[in-house]
Amino acid sequence: MVILALLGAEWSSVLFGRTFQLRTNEGQHVTKLEIEPPRRFTSAKVNNKCPVRILPNSEHIAPALCATLALDNKYIISGSDDSSIIVALFETGKLVTKIDHHRGPVTALHMSYPSEVLVSSSHDATVCLWSLENFTLLNCIQMAQPILNMQISCDSTFLLVHCADNGLYLRSLTTGTELHALKGHKSKVSSLRVALIS
């Protein structure tokens, strides 16, 4: 399951198994959680005011590994270990489309603003850019190693990719041109972010 905790424009996703403790990205505790199996989404409240949505893996045949929101929270999009990407309506959970392009687990999903392009990465060593107007593939950036994680800059100019060789690769998001390769970490990279620079 993937939990999306929404605090205004802020959200976080947490993967969990049978037992879990929910916290928002601001450290608040979830005070109410009601699980109703017949429903597609489960609702909760953070301090009785902020909504939390839980997306079951009903459309995926393997665990969801990542999720994002798109088009002013119209869509919730999840990527799975089964290599698929599911686009559903956030309010109702109704399936909009299923994208079966990747050939390995989908490891990260991000939105490129203001162009409203979905960016996905996978163990198949590709980063794909998708149109949310018609869900077509706009570009596919090939990497040399399976991708473990990726981030995009807030201005949608840069793509930072963490690959299985523990290297970090900075590329142009639109063209895929390699700009820098950052190597030399002695231990496994566990997190990455692109800083906001004025």
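Using the UniProt record's numbering, the first residue of the sequence shown is number 1, and each one after it goes up by one. Where is the CB? At the ideal position from N, CA and C, for every residue including glycine. The structure displayed is predicted, hence computed values, not measured ones.
- Boundaries of the beta strand (DSSP E) around Arg171: 168-172.
- Within the same chain, His101, Cys128, Trp130 come within 7 Å of Leu137 by CB-CB distance, once the 5 residues on both sides are set aside.
- Rounded to the nearest whole angstrom, the C-alpha separation of Pro105 and Ile77 is 15 Å.
- By alpha-carbon distance to Glu91, the top candidate from Gly79, Thr97, Asn73, Thr107 is Asn73.
- Note on Tyr113: under 16 other CB atoms within 10 angstroms of its CB, so exposed under the neighbour-count rule.
- Under the DSSP assignment, Ser187 falls outside any beta strand (DSSP E); it carries neither an H nor an E label.
- The beta carbons of Ile147 and Thr107 sit closer together than 8 Å.
- In the structure shown, Cys140 adopts extended strand secondary structure according to DSSP, grouped into three states.
- Spanning the alpha carbons of Glu116 and Asp124 requires a straight line of approximately 24 Å.
- Fully enclosed beta strand (DSSP E) runs of no fewer than 3 residues occupy 50-55, 64-70, 75-80, 85-89, 95-99, 106-112, 117-122 of the region 46-126, in order along the chain.
- Pairing Ala181 with Thr97, the inter-Cα distance amounts to about 35 Å.
- For Val161, the uninterrupted beta strand (DSSP E) segment begins and ends at 158-163.
- Put simply, of Asn149, Leu118, Ser120 the residue whose alpha carbon is nearest the alpha carbon of Ser190 is Asn149.
- Per the C-alpha coordinates, the member of Ala88, Ile141, His110 positioned closest to Glu178 is Ile141.
- Beta-bridge partners of Glu178 (DSSP): Arg171.
- Contact between Gln151 and Val194 holds: their C-beta atoms lie close to 5 Å from each other, under 8 Å.
- Counting the other CB atoms within 10 Å of its CB gives Ala70 a total of 16 or more, which places it among the buried residues.
- Where Leu148 is concerned, the enclosing beta strand (DSSP E) starts and stops at 147-152.
- By the neighbour-count criterion, in which 16 or more other beta carbons inside 10 Å mark a residue as buried, Thr68 falls on the buried side.
- Classified as exposed, Arg103 has fewer than 16 neighbouring CB atoms from the shown chains inside 10 Å of its CB.
- Here the alpha carbons of His185 and Ser122 stand approximately 22 Å from one another.
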